[in-house]
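Taking it in order: structure first as structure tokens, then the write-up.
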Amino acid sequence: MAETNTPSVDEPITRRGFVGWAAGLAGAFAALVAGVPVLGSLVAAGPPAKQGDLVRVADISTLPDGVPAALTFVDQTQDAYDYSILPHSVWVVRGSEAASGGLGLTAEADAITVFSPVCTHLGCQVFWDASTGHFVCPCHNSVFSIDGRVVSGPAPRGLDVLPTEVRDGALYVRWVDYTPAISEKIPV
Ligand code: FES
């Protein structure tokens with residue numbers, strides 16, 4: 028049977044045996060402590076700190092004209108050692124007043140607006156009700172127009188418009204969480 032340095036329950040612990048065993052334990056502990064900075068440097072070598080990059084969500088040519096489209100994308104953020112990968116959905120509205128059937132879009136044919144789906148009242152997710160041509164929140168019945176304005180209900184402000192960019196025919200969106208239940212649009 029292999030020999031071990033740990034005291035056996037069957038054997039009385041001699042003074043010399045105990046000292047040897049304790050010295051071994053102290054050495055193991057010292058090696059562990061010495062390894063901690065190495066572990067820390069490996070963690071610190073992750074991606075550089077960033078917050079809410081623009082993420083490519085669609086080719087402009089694939090977006091429907093005058094009808095809101097629900098798109099999803101994955102957002103990666105890092106705040107110090109807090110690294111997260113979160114899926115988000117957004118409502119993308121592209122098109123002109125004519126294309127939307129008089130629902131209230133701009134006169135600019137290729138105007139694109141990306142709304143957060145988070146209701147500005149208390150944070151439920153709004154959906155597009157094609158039968159009424161409005162965004163509707165199922166929680167307390169806030170209703171928003173196709174251009175995000177409050178039509179009725181307790182929502183204190185319109186739907187939050189997210190930052191966007193168009194590059195090489197593609198739409199990029201930056202996810203932002205805004206503070207609910209207040210009239211001002213303020214990032215959390
Ligand atoms: S959370 Fe949308 S109306 Fe209350």
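Take the position in the sequence shown, starting the count at 1, then add 27; the result is the number in the numbering used here.
Note that CB positions come from ideal geometry on N, CA and C, so glycine has one too.
Around the beta carbon of Ala157, a 10 Å sphere encloses fewer than 16 other beta carbons of the protein chains shown; the residue is thus reported as exposed. One alpha carbon belongs to Thr104, the other to Trp202, and they sit about 10 Å apart.
Annotation: Tyr108 is outside any beta strand (DSSP E) and is labelled neither H nor E by DSSP. A Cβ-Cβ contact shorter than 8 Å links Val119 with Leu90. Residues close to the ligand FES by the beta carbon criterion (under 5 Å to any non-hydrogen atom) are, from first to last along the chain, Cys146, His148, Leu149, Cys151, Cys164, Cys166, His167 and Ser169.
Residues of the same chain with a CB within less than 6 Å of the CB of Ile139, apart from the 5 flanking positions on each side, are Arg121 in chain order.
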